[in-house]
Amino acid sequence: MTTTTKSRVITPAHRTRDIKYAVRDIVVLAEEAKKAGKDMMYLNIGDPNIFDFITPDHIVEAAHEAMRTNRNSYSPSSGIPEAIDAVNREAERKGIKSICHTYITSGCSEGIELALTALVNPGENVLTPSPGYPLYTAVIAKLEAENRPYYLDEGNAWQPDIEDIASKIDGKTRAIVLINPNNPTGSVCSAETLQAIIDLAIEHNLVVISDEIYDKLTFDGRPASTSTASLSAGAKVITFNGLSKSYLVPGFRVGWGVISGPPDELEEYCEGIRKMERARVCANHPLQYAIKPALEGTQEHLPDMIERLQCRRDITVDRLNAIDGISCVKCAGAFYAFPKIELGIPDTEFVTRLIRETGVVVVPGSGFGQRPGTNHFRVVFLPPEETLVKAFNAIASIAKDYR
137 MTTTTKSRVI
147 TPAHRTRDIK
157 YAVRDIVVLA
167 EEAKKAGKDM
177 MYLNIGDPNI
187 FDFITPDHIV
197 EAAHEAMRTN
207 RNSYSPSSGI
217 PEAIDAVNRE
227 AERKGIKSIC
237 HTYITSGCSE
247 GIELALTALV
257 NPGENVLTPS
267 PGYPLYTAVI
277 AKLEAENRPY
287 YLDEGNAWQP
297 DIEDIASKID
307 GKTRAIVLIN
317 PNNPTGSVCS
327 AETLQAIIDL
337 AIEHNLVVIS
347 DEIYDKLTFD
357 GRPASTSTAS
367 LSAGAKVITF
377 NGLSKSYLVP
387 GFRVGWGVIS
397 GPPDELEEYC
407 EGIRKMERAR
417 VCANHPLQYA
427 IKPALEGTQE
437 HLPDMIERLQ
447 CRRDITVDRL
457 NAIDGISCVK
467 CAGAFYAFPK
477 IELGIPDTEF
487 VTRLIRETGV
497 VVVPGSGFGQ
507 RPGTNHFRVV
517 FLPPEETLVK
527 AFNAIASIAK
537 DYR
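Those letters in the sequence shown? Residues 137 to 539, by my numbering.
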C-alpha cells in the first residue's frame, strides 16, 4: 500500500496557529529590502547594545569571574541564594512587602511564561494591555486560553482604561497584565491608575502580572516608576524585572519574578511555579552572579543613559508631530514611541512601503494591539541622533506621498 505525500506531512500543533511576534516577524520584510540594496535603519528592536550603549564593566566582570571560578554547574531551580537575596532587597527598597516566592529566570520572558502556565487553564482568560508587548498574547495562545485585551487611552497619555478593564472581568478571568512603563507606548502609569487596578484585582481575586522591566528608565526628572505591589500587601502580584534594559545586557537573558501578597492564599500557586522551575532545571548559573553587583553596585551609567534617551525621545516626538498625518503622544519612559497614522491607510501598508522604499524598519501597531479603526507604528529611539533624523525624514517623505 502506497502512502500519499500529503499523509506524510508533519503538521504543527494547532496551538501554534495564533502565535505571532510582530517585532521579529517584520525582519523578513527588512531582509528583502536589504537584499535590494537599501541602506537600512533599524528602529524595530529594543536592544540598546546594538547601538551606542555599553554594558557596565562591573557587571561583565562579575559574570566573567563566576565562569573563571567554575560556577558552571547547574544552580538551584529557583536561582542562587545571593541573587534571590539581592532581588528581595531591591523589592523591599521599592516598598514591596509580604514576599512569598522569588525565582530567577532566563529573562523576564521565561518567568512570565512559567507564571501564566502555572495559573491559566484552557478556556480561561487573561486581561492584557492593548497596545502591549506581544509575548503575552503568544503565551496565552499556546496555553489555549483567551486573550482579552483592555485598551490604553491615547487621549490620556496612554493610561489604562479602568472602566474597560472592569467591563471585561468575568468568572473565567485569572489575571490582569500590566506593563509599566509600557512597551510599545512609553507611557508611565500614575499611582491612581495603579491603585484602581489593584482594587479591581483584590475585588475579583485576580493575580496582577506587573512587568516593570523599564522601571528605572523614566524621563523629565521622574523617579523610577511606582512598583504596583508596593501599593497593597493584600494584592496578589507577580513583579517582573531583569538586567536586560536598565543594565544593558539583553543577551545575558537574566530576569526574575517576585510573588507577593497573602502567603496562605498564594502558597499553592507558588508551588505550581516551583514545579515548573524544577521541570526546566535552572536559569544560566554563572550569569546569575551579575545580579547582586548590578542591583547593589554603582549605578553611574544610568544618568548618562537616561540623558541620551531623553534627548532622542525629544527628537522623536518633535519630528513625528511635525509630520502632517502623523501624531505622537510624548512618552514618559522606556525607549519606544507609538505614533498614530492619520492618512486613511492601514498601518501594515504604511510600514511595508516605508521599509521597501526607504530601508527604515518600524513595526506595525497592529502587532501590539490598538483600538479598532486606529493605525499606529512603533518606533525604537535607541539609535544615535543622526540616524533618527534620517529615519524621520524618510517617514515624512512617505507620509507626504500619501497626502
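Beta carbons: idealized from backbone N, C-alpha and C, even for Gly.
Note that the C-beta distance between Val313 and Gly268 is below 8 Å. The stretch 450-468 and the stretch 372-390 do not touch, with fewer than 3 CB-CB distances between them shorter than 8 Å. Under DSSP, Glu280 shares a beta bridge with no residue. Between Thr321 and Leu288, the gap from beta carbon to beta carbon is short of 8 Å.
DSSP places Ala473 within a strand segment (E or B) once states are collapsed to three. Counting along the chain, the unbroken alpha helix (DSSP H) around Ala530 starts and ends at Glu521 to Tyr538.
In this structure, Glu168 keeps its C-beta atom at 8 Å or more from the C-beta atom of Gly391. By the Cβ criterion, the stretch 435-442 is in contact with the stretch 342-355, since at least three pairs of Cβ atoms, one from each stretch, lie closer than 8 Å. The beta carbon of Glu218 sits closer than 8 Å to those of Gln424, Tyr425, Ile427 and Lys428, all from its chain and outside the five residues before and after it, given in chain order.
Secondary structure of Lys170 (DSSP, three-state): helix.
By the Cβ criterion, the stretch 478-498 is not in contact with the stretch 446-453, since fewer than three pairs of Cβ atoms, one from each stretch, lie closer than 8 Å. One thing to note: Ile220 has its Cβ within 8 Å of the Cβ of Thr238. A direct Cα-to-Cα measurement between Ser209 and Ala371 gives close to 37 Å. Within 10 angstroms of the beta-carbon of Thr309 lie 16 or more other beta-carbons, which makes it buried.
For the pair Val256 and Ala277, the CB atoms are not nearer than the 8 Å cut-off.
The DSSP-derived three-state label of Ile162 is coil.
Pairing Gly501 with His512 gives a Cβ-Cβ distance under 8 Å. In the structure shown, the three-state DSSP call for Thr264 is strand.
The C-alpha of Ser213 lies about 21 Å from the C-alpha of Ala198. In terms of Cα proximity to Phe471, the closest of Ser234, Thr147, Thr452 and Glu432 is Thr452.
Under the three-state reduction of DSSP, Gln506 is assigned to coil, being neither helix nor strand. Taking C-beta atoms as the reference points, Leu384 and Pro192 count as a pair closer than 8 Å. Rounded to the nearest angstrom, the gap between the Cα atoms of Ile305 and Pro386 is 34 Å.
Taking 8 Å as the cut-off, the beta carbon of Gly215 is found closer than this to the beta carbon of Ala419. The criterion of a C-beta distance shorter than 8 Å is not satisfied by Ile162 and Asn185. Between Ile534 and Phe486, the C-beta spacing is below 8 Å. Listed in chain order, the alpha helix (DSSP H) elements of length 4 or more contained wholly in the stretch 422-452 are 427-432.
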